[in-house]
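Enquirer: For my numbering, count along the sequence shown from 1 and bump the result up by 560. Backbone N, C-alpha and C fix where the C-beta goes; we use that ideal spot for every residue, glycine too. Computed from a predicted model, the values in this text were never measured in an experiment.
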Amino acid sequence: MDPEILSIGLLLAAVLAAGCAGNLLLPGKNSTPAPPDDAVILPAPRSEGGVSVEEALWKRRSARIYAEVPLMLADVGQVLWAAQGITNDRGYRTTPSAGALYPLEVYVVAGSVVDLEAGVYRYRPDGHLLVRIGGGDRRADLQAAAVDQASVGDAPATLVIAAVPDRTTAKYGERGTRYVAMEAGHAAENVYLQAAALNLGTVAIGAFDDDRVEEILMLPKNATPLYLMPVGRPVPGND
Numbered sequence: 561m562d563p564e565i566l567s568i569g570l571l572l573a574a575v576l577a578a579g580c581a582g583n584l585l586l587p588g589k590n591s592t593p594a595p596p597d598d599a600v601i602l603p604a605p606r607s608e609g610g611v612s613v614e615e616a617l618w619k620r621r622s623a624r625i626y627a628e629v630p631l632m633l634a635d636v637g638q639v640l641w642a643a644q645g646i647t648n649d650r651g652y653r654t655t656p657s658a659g660a661l662y663p664l665e666v667y668v669v670a671g672s673v674v675d676l677e678a679g680v681y682r683y684r685p686d687g688h689l690l691v692r693i694g695g696g697d698r699r700a701d702l703q704a705a706a707v708d709q710a711s712v713g714d715a716p717a718t719l720v721i722a723a724v725p726d727r728t729t730a731k732y733g734e735r736g737t738r739y740v741a742m743e744a745g746h747a748a749e750n751v752y753l754q755a756a757a758l759n760l761g762t763v764a765i766g767a768f769d770d771d772r773v774e775e776i777l778m779l780p781k782n783a784t785p786l787y788l789m790p791v792g793r794p795v796p797g798n799d
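See the structure below:
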């Protein structure tokens with residue numbers, strides 16, 4: 561075989577392998593899909609605020625009781641951005657990810673958010689938008705799935721951090737499972753700190769029926785829920 565043709569073939573194989581590993585977008589292969597017509601475009605996230613990291617760390621508490629006031633859509637968007645938002649033109653995000661493979665998917669079960677119909681939504685970091693999964697207020701169903709923890713049903717909205725472990729284990733093998741869990745922890749702490757900076761409250765919940773949560777969110781078979789994080793205005797003295 562012609563050495564030049566062989567070299568080109570080897571180079572193409574290497575490029576394709578990198579793309580399959582999730583490190584490269586190939587035109588027509590892994591390019592970003594267009595948002596659906598009913599996508600909810602979130603207000604642009606802010607990169608500056610009036611609360612320092614140190615103050616947010618000092619204020620951070622787990623809040624389980626929330627005032628009966630709706631969330632603003634901008635606040636929901638800001639918390640989602642803190643969890644998985646894109647921070648540069650290379651696609652890097654607010655949360656570190658092993659191999660930049662980003663196995664996490666963040667969902668919102670919304671019940672009382674200004675300018676957002678009650679329903680289940682998936683956050684898409686590209687475009688900073690919500691894709692509607694299903695309609696109706698599913699907070700009571702999610703509460704029942706979470707061992708009847710009242711904070712899930714009472715909060716205006718609950719974030720669900722899920723993961724597609726195959727994205728990471730395909731490259732790192734069994735150890736990738738650990739990396740996925742670590743990444744979910746990073747994202748959850750980002751949510752805590754962003755909530756504190758917005759004078760909101762949240763709590764990380766891990767006690768729930770996986771199958772029931774998967775059904776409510778209509779998760780694909782290769783995805784699994786890891787955290788529930790209700791978000792709302794905390795009632796003082798009830799952390």
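How would you call glycine 761, buried or exposed, if buried means at least 16 neighbouring beta carbons within 10 angstroms?
Expert: Within the sequence shown, the letter at position 201 stands for residue 761. So glycine 761 ends up on the buried side.
Enquirer: From the DSSP output, read off the bridge partner residues of serine 622.
Expert: Here residue 622 refers to the residue found at position 62 when the sequence shown is read from its first residue. In the DSSP output, where bridge partners are listed per residue, serine 622 has Thr762.
Enquirer: Would you tell me roughly how many angstroms separate the C-alpha atoms of valine 691 and proline 595, rounded to the nearest one?
Expert: Within the sequence shown, residue 691 is the residue found at index 131, counting from 1. Within the sequence shown, residue 595 is the residue found at index 35, counting from 1. Roughly 8 Å separates the two Cα atoms.
Enquirer: Compute the beta-carbon to beta-carbon distance between proline 685 and glycine 645, rounded to the nearest angstrom, for a pair I have assumed lies under 8 Å.
Expert: Working through the sequence shown from its first residue, we reach residue 685 at position 125. Working through the sequence shown from its first residue, we reach residue 645 at position 85. Indeed they touch by this definition, with Cβ atoms about 6 Å apart.
Enquirer: Within the stretch 642-711, note down every full beta strand (DSSP E) run reaching 3 residues or more, in order along the chain.
Expert: The qualifying runs are 664-670, 679-684 and 689-695.
Enquirer: Hey, how far is the Cα of glutamate 774 from the Cα of tyrosine 683?
Expert: Position 214 of the sequence shown, counting from 1, holds the residue named residue 774. Position 123 of the sequence shown, counting from 1, holds the residue named residue 683. Computed Cα separation, rounded: 16 Å.
Enquirer: Grab me the residues of isoleucine 765's own chain with a C-beta within less than 8 Å of its C-beta, minus the 5 sequence neighbours each way, in chain order.
Expert: Position 205 of the sequence shown, counted from the start, is the residue given in the question as residue 765. Only Ala706, Gln709, Ser711, Val712, Tyr787, Leu788, Met789 and Pro790 meet the Cβ criterion.
Enquirer: Report, in whole angstroms, the separation of the C-beta atoms of leucine 777 and valine 720, which I expect to be a contact under 8 Å.
Expert: Locating residue 777 in the sequence shown gives position 217, counting from the first residue. Locating residue 720 in the sequence shown gives position 160, counting from the first residue. Going by Cβ atoms, the distance from leucine 777 to valine 720 rounds to 6 Å, so yes, they are a contact pair.
Enquirer: Pick helix, strand or coil for glycine 609, following the three-state DSSP scheme.
Expert: Translated into positions along the sequence shown, residue 609 becomes position 49. Three-state result, glycine 609: coil.
Enquirer: Would you give the residue range spanned by the alpha helix (DSSP H) that valine 740 belongs to?
Expert: Within the sequence shown, numbered from 1, the residue matching residue 740 stands at position 180. Per DSSP, valine 740 belongs to the alpha helix (DSSP H) from 735-757.
Enquirer: My guess is that valine 674 and leucine 633 are in contact by the Cβ rule of under 8 Å, so how many angstroms apart are they, rounded?
Expert: Position 114 of the sequence shown, counted from the start, is the residue given in the question as residue 674. Position 73 of the sequence shown, counted from the start, is the residue given in the question as residue 633. Confirmed, about 6 Å.
Enquirer: Look at the Cβ atom of glycine 671, then the Cβ atom of proline 716, and state whether they are nearer than 8 Å.
Expert: Here residue 671 refers to the residue found at position 111 when the sequence shown is read from its first residue. Here residue 716 refers to the residue found at position 156 when the sequence shown is read from its first residue. Contact flag set, yes.
Enquirer: Taking the alpha helix (DSSP H) that alanine 730 belongs to, which residues open and close that run?
Expert: Counting from 1 along the sequence shown, the entry for residue 730 is found at position 170. That run of the alpha helix (DSSP H) goes 726-732.
Enquirer: Please return the same chain residues whose Cβ sits closer than 7 Å to the Cβ of arginine 772, not counting the five positions on each side in sequence.
Expert: Indexing the sequence shown from 1 puts residue 772 at position 212. Same-chain partners within the cutoff: Ala705.
Enquirer: How about threonine 647 and alanine 747: are their beta carbons less than 8 Å apart?
Expert: Position 87 of the sequence shown, counting from 1, holds the residue named residue 647. Position 187 of the sequence shown, counting from 1, holds the residue named residue 747. The answer is no: Cβ separation not under 8 Å.
Enquirer: Which residue comes first and which comes last in the alpha helix (DSSP H) that contains valine 629?
Expert: Position 69 of the sequence shown, counted from the first residue, corresponds to residue 629. Per DSSP, valine 629 belongs to no alpha helix (DSSP H) and is neither H nor E.
Enquirer: Consult DSSP for valine 600 and reduce its assignment to one of helix, strand or coil.
Expert: For the purposes of this step, residue 600 is identified with residue 40 of the sequence shown, where counting begins at 1. If DSSP states are grouped into helix, strand and coil, valine 600 belongs with the strands.
Enquirer: CB-CB under 6 Å to asparagine 782, same chain, minus the five flanking residues each way: which ones, in chain order?
Expert: Against the sequence shown, residue 782 aligns to sequence position 222. Within the same chain, asparagine 782 has close Cβ partners Val724 and Asp726.
Enquirer: Taking the alpha carbon of alanine 616 as the reference point, which residue from Asp770, Gln754 and Pro794 has its own alpha carbon closest?
Expert: Looking up residue 616 in the sequence shown gives position 56. Comparing Cα positions, the closest option is Gln754.
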